[in-house]
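In terms of this note's numbering, the sequence shown opens at residue 686 and continues consecutively. These notes concern the structure reproduced below.
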Amino acid sequence: MKLPHTLSELEESGYQPKTVKSELRANLIEKMEKGEQLFPGIIGYDDTVIPEIENAILSCHDIILLGERGQAKTRIMRSLTALLDESLPVISGCEINDDPLHPLCKHCHEQIKKNKGKTRIEWVPCEMRFSEKLATPDVTIADLIGDIDPIKIAEGRYLSDELAIHYGLIPRTNRGIFSINELPDLHEKIQVGLFNLLEERDVQIRGYKIALPLDIFIIATANPEDYTSRGRIITPLKDRFGAQIRTHYPKTLEEEITIVRQERTPLAVDGFTLNLPHFMEEIIAEISQMARRRSEINHYSGISVRMSIHNMENLISNAFRRAIRLKEKEIVPRITDLIHLSSSMKGKIEWDFIEDGAEEEKIKIIIRDAISKIFRQRLSNDSFGNFLKEFSNGNGFKVSEMTSSSHYLKNSEAYPSLKERVAKLTGDTSLAHRASATEFILEGLAIGGKIKKEIEETSTTYGSKQ
Ligand SMILES: [Zn+2]
């Protein structure tokens, strides 16, 4: 279908203007009726956050999302463009996306007066009707709302002349979605300006009051503590948000694993295959979930799901490094690789009261506890009695991140019960996968105090206690 390109064509097409909120609502209803997935790729919010967002849109409310870092807030905000119409007619050359039938700005009024039905119409695609701003204390009224344009003044415009305004981000997002990250970081003066624009529908620029009845859907984010602490948000602005929705971290290990699988940088290198044991995925997810429960970790900022994603990427890279060095074709992460997570964890955990140099040690404890928990979950029914007997007659088991998989196999020849247990756990015959499972079992038994563990500079030796 050919889209109308003049004002009279648009009028003849039967075009009916609607507000951005009623447009979002109409498209939401249509998608719900068709049973479409509204937020593809957003995991773990089906029964909590998503119904609240649907209600807010059905109610035509602006939304504030409260949550710690790494809870998909930005992703939710961006995905709302999928609820806009494919494209929207505006008067050509308008800086604020004016509705051709009800233009606000002087430019458009002048265009229509001059060209009447021949006034040009442009169509704005939905992705262009979204803008995003990270609130910081130095964001100004000029950035968000607008300022007097000195060039236009020099050209002879009067200060009070609306055509002398250089519009900021919000007017330029007219008839669209304006999203603002970390709302409480906006200076109070800017919050007042924002409120006036939304509620009184006017702007004050350098003392001049100009009516600007914009049509905007606002979605903002904030850390819950900043949002509730007195004075960080001016009350009238708070009142303006019809929906305050709390986001959260994945509630289950499987949800955390699903997000990691979806978000991590894929490893695709010719000649290598990645084989990721499920127990290693569980350990990575458990490390983050455990850290979120620790009392010595500051809960204000939280532990982002990004930590799980970066940990997994780091873990795989270390296994990849081994495969390259040892000329193995299969990449399988193992327990000794976990030591390298320190670099992807350090920047993402904020500790309460920590002594200098204690961080590495604390990270090691979290990793150890996560391994222990997954080991108990998976193998708690196993006493490993036969293996422990065999182990007491053997020479121990040396592991390291740079030991070849075939070496592990050779070492395990002395312990048939271990070999059998590993085969049961991995369910496959890959050498590298079996090496990884061997280490998982040995480490789990050592943490549980059933065997000894001695850490040398570049290797670890497990030995019998008897
Ligand atoms: Zn205009």
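C-beta: ideal position from N, C-alpha, C; glycine also. This one's a predicted model, so the numbers in the text were calculated from it and none came from an experiment.
Please state whether DSSP places residue i in a helix, a strand or coil.
i	result
ASP731	coil
ALA757	coil
LEU844	Reliability fails at LEU844, whose pLDDT of 49 lies under 50, so the model's placement of it is uncertain and the value that follows must be treated cautiously. Correct three-state label for LEU844: coil.
LEU938	helix
THR958	strand
VAL1017	coil
VAL824	coil
GLY861	strand
THR1088	coil
LYS1012	coil
LEU688	coil
ALA907	strand
GLY916	coil
ILE850	strand
ILE742	helix
ILE1001	helix
TYR988	Looking at the sequence itself, residue 988 is Ile, so the reference to Tyr does not match. In the structure shown, ILE988 sits in coil (DSSP, three-state: anything other than H, G, I, E or B).
ILE944	helix
GLU1098	coil
THR766	helix
PHE724	coil
SER993	helix
PHE1069	coil
ASP783	coil
ARG1007	helix
TYR1093	helix
LEU952	coil
PRO702	coil
ASP1041	coil
PRO736	helix
PRO856	helix
With a cut-off of 8 Å on the beta carbons, I'd call residue i and residue j a contact; round off their distance for me.
i	j	result
GLY1148	GLU1139	7 Å
VAL1084	THR1145	5 Å
PRO785	LEU695	6 Å
PRO921	PHE880	5 Å
PRO689	ILE806	6 Å
ILE727	ARG760	6 Å
PRO935	ALA1122	Not confirmed; about 25 Å, so no contact.
GLN1151	SER1077	4 Å
ILE862	PHE926	Their Cβ separation, rounded to whole angstroms, is 14 Å, which puts ILE862 and PHE926 out of contact at 8 Å.
TYR1093	ALA1120	4 Å
SER1089	LEU1011	5 Å
LEU765	ILE904	7 Å
ILE830	LEU882	6 Å
LYS1033	ILE1001	In fact, because the Cβ distance is near 18 Å, the residues do not count as touching under 8 Å.
On the DSSP bridge assignment, give the partners of residue i in chain order.
i	result
GLY1081	Bridge partners of GLY1081: none, in fact.
PRO810	SER772
LYS1138	TYR1147
ASN866	LEU819
GLN929	ILE749
ASP887	ALA896
ARG805	THR691
ILE982	TRP1036
Grab the span of the alpha helix (DSSP H) containing residue i for me, first residue to last.
i	result
VAL877	873 to 880
ALA1055	1044 to 1064
PHE1125	1116 to 1132
GLN974	963 to 978
VAL714	For the sequence presented, residue 714 should be read as Ile rather than Val. Note, ILE714: alpha helix (DSSP H), 705 to 719.
ALA1108	1101 to 1111
SER1029	1027 to 1030
Beta strand (DSSP E) containing residue i: first to last residue?
i	result
GLU817	815 to 819
LYS894	893 to 896
LEU899	Counting along the chain, LEU899 falls outside any beta strand (DSSP E), and DSSP gives it neither H nor E.
ILE749	748 to 751
ILE797	No beta strand (DSSP E) holds ILE797; the alpha helix (DSSP H) holding it covers 791 to 800.
ASP832	831 to 833
What do you reckon, is the C-beta of residue i under 7 Å from a heavy atom of ligand 3?
i	result
LEU868	In the structure shown, ligand 3 is absent; the only ligands present are ligand 1.
Can you check whether the C-beta of residue i is within less than 8 Å of a C-beta belonging to chain D?
i	result
GLY1129	The structure shown has no chain D; it contains just one protein chain.
Query raised in the report: In chain order, what residues place their C-beta within less than 7 Å of a heavy atom belonging to ligand 1?
Result: ILE776, CYS779, GLU780, ILE781, ASP783, PRO788, LEU789, CYS790, HIS792 and CYS793
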